[in-house]
Amino acid sequence: MKYKSFPIFLVFLAMGFGDAVGPLVGLAKDTFDLSNAVAQLLPMTGFLMFGLLSIPMGIVQDKRGKLLVLIAGLILAVLGVGLPWIGGMNQYVVLIIAVALLGAGATFLQVSGNPIMRDVSPEGKYSRNLSLGQFIKAIGTLSTAGIPLIAKNYFDVDWTIIFPIYCIAILVTIIIVSTSGIKEDKTKVTNPATFKSCFSLLKNRYVVMMVFGIFMYVGAEICMSSGMALYLEEQFGLNIQEIGLAGTGLFFLAIMTGRFIGGIILNWLKAKHFLLISGLISLVGIAGLFLGIKSVGFISSFIIGLGFANIFPLIFSITVDKMPDRANELSGLMVTAILGGAILPPVMGLISDKSSVLMGMFVPLIALFYIGWVSLKVQRS
């Protein structure tokens, strides 16, 4: 059991590759000469998969096992990153299809990866390993911004180099996971999750509030990851192909750092208090973007990432701790709420086309105000 968690950590790294759709918006916009609204179809396509597949895959997983869903997710992901590499990047529709496959794979991995980590963790070490898994996932996410930047500046290669790199990495992960002899817990539950049991929870106002919190958070995160490079280009004239991704890179670096620090802080600070602090930090960071100062813009990108880092796991864990006997149904609903990443970015794109990218930033700002309200409600519960 000592080394059984290693393959699952590789899966979390592959989950991070699924966040590629955010930073690629600015690059795809320039490559294919797209409007902001059309460019935002990328995250919409990827995150739409979460809304369509999360609950069905949870039910399939209950019947067929977590490992099967996990490997299927890796196969879909490798098809997603392999299509642009093998088929070429001459048409935007190819990228859309690739992102749809990558999003479907990421959905499978989210549904299966979190619970299977418990099966491969030593007793009492599940929370630690899950936090470390989120940290490793953030490394994969950060590479989405870092690899194109390094490829352009040091090797004079364009951003599409990420596709063969990710393809090879995921293929290696498939081989390791398939041959590692992972033993999952297949204990039968008395009342397995169903569509009816999941949706019946929406009669509970607390559940609706928290699920919508996930919806708003994921939408805000994708708005920031996809819009930061566009903001830097419009506000300060930075070239996305050369240094525009630095802002996005700072955002993901801050998320990675924040998750590592959050794992330490949560040893002594209650989750509901940390949620309030995280929301306030995020609001301060977004407010800094409206000052129109280049240095403050980069600093704000980092501050926003620090604030965003732990909001998802905090809302998730607070909700499950409130109703632990309904954990499976809650997980299905909250992973479905990742659909927010498909809804809010196009709204921001439309506003950006009609006015400016800066005005489009009001979309994630409003989402953060909602999360702040949720955190205040949680303090009283």
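First residue of the sequence shown? That's 10 in my numbering, and the numbers climb one at a time after it.
In this text, a Cβ means the ideal position worked out from N, Cα and C, and glycines have one as well.
All values derive from a computational prediction rather than experimental measurement.
{"query": "Secondary structure of G253, DSSP reduced to three states", "result": "Low confidence applies here, because G253 scores a pLDDT of 48, under 50, leaving its location unreliable; read the following figure in that light. It is helical."}
{"query": "Nearest-angstrom Cα separation, counted from L57 out to S63", "result": "10 Å"}
{"query": "Sequence ranges, beta strand (DSSP E) only - wholly within the segment 254-329, length at least 3", "result": "none"}
{"query": "Identity of the residue in M357, K331, F307 and Y240 nearest M219 by Cα", "result": "K331"}
{"query": "Beta-carbon proximity check, L377 vs L292, cutoff 8 Å", "result": "yes"}
{"query": "Run of the alpha helix (DSSP H) containing S384, from where it starts to where it stops", "result": "F371 to R389"}
{"query": "T116 - DSSP class collapsed to helix/strand/coil", "result": "helix"}
{"query": "Through-space distance from V20 to K13, alpha-carbon basis", "result": "12 Å"}
{"query": "Inter-stretch contact at 8 Å, needing at least 3 Cβ pairs: the segment 230-245 / the segment 112-121", "result": "no"}
{"query": "Assigned exposure category for E162 - 16 Cβ within 10 Å defines buried", "result": "A quick correction: the sequence has Asn, not Glu, at residue 162. N162 should be labelled exposed."}
{"query": "Neighbourhood of M24 by C-beta distance below 8 Å, restricted to the same chain and skipping five residues each side", "result": "A115, L118, Q119, G122, K146 and G149"}
{"query": "G89 versus F41 - alpha carbon distance", "result": "19 Å"}
{"query": "Within 8 Å, strictly: CB atoms of G222 and I380", "result": "yes"}
{"query": "Own chain residues within Cβ distance below 7 Å of G253, not counting five before or after", "result": "With a pLDDT of 48 at G253, under the threshold of 50, the modelled position of this residue cannot be trusted; read the value that follows with caution. The answer, listed in chain order, is G35, A238, L241, E242 and L247."}
{"query": "Start and end residues, alpha helix (DSSP H) containing I231", "result": "R214 to F245"}
{"query": "Where F15 sits in the DSSP three-state scheme", "result": "helix"}
{"query": "Beta carbon of I68 nearer than 8 Å to that of A202", "result": "yes"}
{"query": "Touch test, the segment 263-281 against the segment 307-322, Cβ-Cβ under 8 Å, three pairs minimum", "result": "yes"}
{"query": "Inter-residue spacing [alpha-carbon to alpha-carbon] between W382 and I270", "result": "24 Å"}
{"query": "Whole-angstrom distance between I295 and S310, CA atom to CA atom", "result": "8 Å"}
{"query": "Limits of the unbroken alpha helix (DSSP H) element including K72", "result": "L50 to R73"}
{"query": "M343 classed as buried or exposed, judged by whether at least 16 other C-beta atoms fall within 10 angstroms", "result": "buried"}
{"query": "Q100 in three-state terms, based on DSSP", "result": "coil"}
{"query": "V103 to I179 span [Cα, whole Å]", "result": "20 Å"}
{"query": "Per-residue burial, I313 [other beta carbons within 10 Å of its own, 16 or more giving buried]", "result": "buried"}
{"query": "Span of the alpha helix (DSSP H) around T182", "result": "I171 to T188"}
{"query": "F26 - DSSP class collapsed to helix/strand/coil", "result": "helix"}
{"query": "Buried versus exposed call for S209 [16 or more other C-beta atoms within 10 Å across all chains shown]", "result": "exposed"}
{"query": "Straight-line gap, M370 to V387 (C-alpha atoms, nearest Å)", "result": "26 Å"}
{"query": "Proximity below 8 Å, CB of L151 to CB of L22", "result": "no"}
{"query": "Buried or exposed by the 16-neighbour rule on C-beta atoms within 10 Å, applied to S130", "result": "buried"}
{"query": "Buried versus exposed, by CB contacts within 10 Å (16 or more), V391", "result": "In the structure as shown, the chain starts at 10 and stops at 390, and residue 391 therefore has no counterpart that could be examined."}
{"query": "T203, DSSP secondary structure in three states", "result": "coil"}
{"query": "Start-to-end residues for the alpha helix (DSSP H) that takes in V356", "result": "G349 to K363"}
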